[in-house]
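Chemist: Those protein sequences? They're chains D and G, same order as listed. Under this note's numbering, think of the first position of the first sequence as 264, with each following residue one higher. Under this note's numbering, think of the first position of the second sequence as 264, with each following residue one higher.
Number of protein chains: 2
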Amino acid sequence: MNFNKEQANRIEYIETVIKNYLPKEEGFQKTIFEAMNYSVLGGGKRIRPMLMLETYRLFGGADQSYIEPFIAAIEMIHSYSLVHDDLPAMDNDEYRRGRKTTHIVYGEAMGILAGDGLLNYAFETACKAFKVNSAERDSTVLYERIRKAAKAMEILGQKAGVYGMIGGQVVDIEGIHHEDSPLEKLNCVYKLKTSALIEASMMIGAILAGANDAEAAIVEDMAANIGLAFQIQDDILDVTSTVEVLGKPVHSDERNEKITYVTLLGIEKAKEQVEELTQKALAGFDSLNRKNEYLKELINRLITRIK
Amino acid sequence: MNFNKEQANRIEYIETVIKNYLPKEEGFQKTIFEAMNYSVLGGGKRIRPMLMLETYRLFGGADQSYIEPFIAAIEMIHSYSLVHDDLPAMDNDEYRRGRKTTHIVYGEAMGILAGDGLLNYAFETACKAFKVNSAERDSTVLYERIRKAAKAMEILGQKAGVYGMIGGQVVDIEGIHHEDSPLEKLNCVYKLKTSALIEASMMIGAILAGANDAEAAIVEDMAANIGLAFQIQDDILDVTSTVEVLGKPVHSDERNEKITYVTLLGIEKAKEQVEELTQKALAGFDSLNRKNEYLKELINRLITRIK
C-alpha cells in the first residue's frame, strides 16, 4: 500500500463531500454562508472524516451516500468549535493555519453566528441520512436504516456537547491547578476535548455500517485511547520538537505555565503512556478481526507523528 | 373555558418537562450546567412549547412522552439564541426579564459556551424521541414512529438554522437601510427571526401527532402569519403603548432610527396588516376542521396582546 497516495485520494474525496454539503453563498444572509464556508474550507487535516469513513469501510460499509452527511457534519462541528475557540473572549487568536480567523475577517458578531450556524447546520446535514431510498418498501429494511441513522445522530450530539467536546472546553477554560487533582482533570479535558469527537467519528462509521453494540463499544474504547495518545504526543512535541519541524512555537506550555502530561509525569513517563495507549488501541483493532490496513497505518501515524 | 386557569396548568406542566430535561449541576463541567439552567429557567412565557403541545393535541396527539423531548428542545434553542443575542459583540444587554444576563453572571466565555451547549443539547434532547417502546415488535409501527421523529428533527434544524432563525439574526445585525428594498428585508427578518421557531413548534406538534403533508403545510403557513403579526404588533406597541403597560421603554425604534412596519407603512397600515394576518391565520385554523378552543384563544391573545 502506498499510504501517501491512498491518503491523497481520500482527502480529495472528503473535500468534495464537505463542499457539496456547504451552503450556497446567496440570499439576504449571504455573509454568514461566506463566513461558514471560509471557516470549514480552511485546510484542515480532515482527521475525523477520514477516521469515520475508514471505520465505516472496516465494518463493510459500502454505500458511501449513507455516511456522507455525517462526514460533512463532523467536520462542521470541529470547525465551529475552532471558530468559537478563537473568539476574543476565548483564546483570542487572530490566525489559524496561516489565515486570519473567522471573526477577524467577518467581525465578532458574525464569528459567533457563523459558529452557531455551523453547529446547527451539522445537525441539519446529518438529518439527510434519514432520507431512505423511496423505492424500498420492506419496512424492516426501512426501519433498520433509519434506526442506525438515529443512533448515529444521538452519538454525534452526545460527543459534541456538554458531556463531550464542549464540556472539555469548559474544564480547560476554567483551568487546571496543582492543588486540584490535576491528572484527573487533565484526563477529563483530553478525553472530552479531543477524544470525544474521534469517538463520535469512529462509532458513527461503525454503527452506520452495521456494527453491533459490543463492536461499537470496542471502537469507542479504541478511539478514546487514540485521542488521549494524540493529545499526550502534543504535550511531548511541545518540549522535544523545534519550531521548524512543528510549524508553531515550541515550549509554549512552559511559558504559559500550563499543566500537561509532561509537567505532571515527566517526559519519559509521558512517552510510556503514549506507547501503552497505542498498544491498547491496536489491540482493540485486532480484536475486531477485521481488515483495513490503511486505517491501521493512519492510526499509527496520528499517534507517532513528529509534528 | 377559563383561559387563565387552563394556561396556568399548561405552564406548570411545561416548566416540569423543561426542568426534567435540563442537565444535573454536577461534575467537572458543573459551571456550564449552572449557566445553561440559569438561562433556560429565567421565566420565559413558554410560547413555543405551548404552541407545540396544543398543535399536537389539535391533531389528536395523546402520548405526551413522545413530544416532551421536542418541547424541551425548542425552548433550549430559544434560550440559547437569547444568550448569544445578549453578548457584548451582539446586543450587549446586561439585563433580561429583570435578571442579569448569562454572560454578566458567568463571564463572556461561559456565555458563549452555555449558548453552544444549549443548542447542542437541544438536538441531544430531541434524539430522545427516537427511543421507541422496546415492547413494540411490529416494524411498520416502529418505522412510522421513528420516521415522524426524524421529520420533526429535520424541521427543528431547518427552522433554527441559517435558513431560519440564525439567518434572520444575520440580516437584522447587518441592518436594514432605506435604499435597500427595506420592506422585503424587514419581512425576511421577521419571517426568519420570529416566525421560523413558531413554524417549527407548530409543525413538529402536527407531524408527531400524525398530520399529513398537506396539513403540515397549512400549519406552517398559519404559524408564519402568527409570527409576522406578532412582530408587527411589537412595532405598533413601541409607538402606542406606555412604559407602565409594556414594562420596557417605548419609542425605542424611533430613538434607534430603526426601520419597522410602522416607520415604513404608518401606524394605520401596520394595524391593517396585523388584522389581515390574523384573519389568514384563523382561516387556516378553520380549514383544518379540528377543534382546540384553547389554542385558538392562545393565538388570538398572542397577536392582539397589548404588552
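Glycine included, C-beta positions come from ideal geometry on N, C-alpha and C.
Could you please give me the residues that DSSP links to G:Y653 through a beta bridge?
Modeler: Residue numbering for chain G in the displayed model covers 264 to 570; residue 653 of chain G lies beyond these limits and cannot be assessed.
Chemist: Is G:S504 helix, strand or coil by DSSP?
Modeler: coil
Chemist: Any contact between the segment 330-346 of chain D and the segment 371-379 of chain D? By contact I mean 3 or more CB pairs, one from each, below 8 Å.
Modeler: By the Cβ test, the segment 330-346 of chain D is in contact with the segment 371-379 of chain D, since at least three Cβ pairs between them sit closer than 8 Å.
Chemist: Please report the straight-line C-alpha distance between G:E517 and G:N488, rounded to a whole angstrom.
Modeler: 25 Å
Chemist: Going along the chain, which unbroken runs of the alpha helix (DSSP H) with 4 or more residues stay wholly within the segment 495-547 of chain G?
Modeler: 506-509, 515-518, 524-528
Chemist: CB D:L449 to CB D:K411, shorter than 8 Å?
Modeler: no
Chemist: For chain G, check one thing: does any of its Cβ atoms lie closer than 8 Å to the Cβ of D:E437?
Modeler: yes
Chemist: Please tell me whether D:Y406 has its Cβ less than 8 Å away from any Cβ of chain G.
Modeler: yes
Chemist: Give me the subset of the segment 327-351 of chain G whose CB atoms are less than 7 Å from a CB atom of chain D, sorted by chain position.
Modeler: H347, L350
Chemist: So does the segment 349-357 of chain G actually touch the segment 397-405 of chain G, counting three or more Cβ pairs closer than 8 Å?
Modeler: no
Chemist: If you follow the alpha helix (DSSP H) that G:Q292 is in, where does it begin and where does it stop?
Modeler: Neither: G:Q292 is in no alpha helix (DSSP H) and is coded neither H nor E.
Chemist: Using a Cβ distance threshold of 8 Å, determine whether the segment 485-504 of chain G contacts the segment 546-566 of chain G, with at least three qualifying pairs required.
Modeler: yes
Chemist: Anything in chain G within Cβ reach of D:N383, meaning under 8 Å, just list it in chain order.
Modeler: L382, G420, A423, G424, V425, I429
Chemist: Count the CB pairs spanning the segment 407-427 of chain G and the segment 455-475 of chain G that are closer than 8 Å, and state whether there are at least three.
Modeler: yes
Chemist: Take D:R360 and list the residues in its own chain whose beta-carbon comes closer than 8 Å to its own, dropping the five residues that flank it on each side.
Modeler: G305, G306, G307
Chemist: Check each candidate in D:L500, D:F322, D:D349, D:T523 and name the one with the smallest Cα separation from D:A469.
Modeler: Checking every option, the nearest Cα to that of D:A469 belongs to D:F322.
Chemist: Comparing C-alpha positions only, which one of D:N563, D:R362, D:P312, D:V280 sits nearest to D:Y652?
Modeler: Chain D is shown from 264 up to 570; residue 652 of chain D falls before or after that span and cannot be answered.
Chemist: Among residues of its own chain, excluding the 5 on either side of D:I467, which ones have a beta-carbon nearer than 7 Å to its beta-carbon?
Modeler: The answer, listed in chain order, is M315, F333, A415, I418, L419.
Chemist: Would you check if the distance between the CB atom of G:C390 and the CB atom of D:A480 is smaller than 8 Å?
Modeler: no
Chemist: Would D:Y524 pass as a contact of D:D501 if the rule is Cβ separation under 8 Å?
Modeler: no
Chemist: What residues of chain D sit near G:R410, judged by a beta carbon separation below 9 Å?
Modeler: The contacting residues are F393, V395, L405, Y406, I409.
Chemist: With distances taken between CB atoms, is the gap from D:L331 to D:V280 smaller than 8 Å?
Modeler: The question names Leu, but residue 331 of chain D in the sequence shown is Glu. Closer than 8 Å, so yes.
Chemist: What is the DSSP secondary structure of G:K287, counted as helix, strand or coil?
Modeler: coil
Chemist: Hey, is G:A398's beta-carbon within less than 8 Å of any beta-carbon in chain D?
Modeler: no
Chemist: Please give the ranges of any alpha helix (DSSP H) in the segment 421-473 of chain D, keeping only runs that are unbroken, at least 4 residues long and fully inside the region.
Modeler: Qualifying alpha helix (DSSP H) stretches, in chain order: 428-437, 445-452, 459-471.
Chemist: In whole angstroms, what separates the C-alpha of G:S402 from that of G:A271?
Modeler: 39 Å
Chemist: Do the CB positions of D:V346 and D:G370 come within less than 8 Å of each other?
Modeler: no
Chemist: Distance cutoff 8 Å, beta carbons only. Does G:M416 sit that close to anything in chain D?
Modeler: Interface residue, yes.
Chemist: I want to see whether chain D comes within less than 8 Å of G:D379, judged by CB atoms only; does it?
Modeler: By the rule that beta-carbons nearer than 8 Å mark a contact, G:D379 touches chain D.
Chemist: Give the straight-line distance between the Cα atoms of D:M428 and D:T364, rounded to the nearest whole angstrom.
Modeler: Their Cα atoms are separated by approximately 20 Å.
Chemist: Let me make sure I understand the geometry here. Which of D:T505, D:D348, D:I522, D:E483 has the alpha-carbon closest to that of D:K570?
Modeler: D:T505
Chemist: Helix, strand or coil for D:I569? Go by DSSP, reduced to three states.
Modeler: coil
Chemist: Drop a sphere of 10 angstroms on the beta-carbon of D:N283, count the other beta-carbons inside from all chains shown, and report buried for 16 or more, exposed for fewer.
Modeler: exposed
Chemist: Taking DSSP as the reference, what is the three-state secondary structure of D:K554?
Modeler: coil
Chemist: List the residues of chain G that D:E371 touches, going by C-beta distances under 7 Å, in chain order.
Modeler: A352
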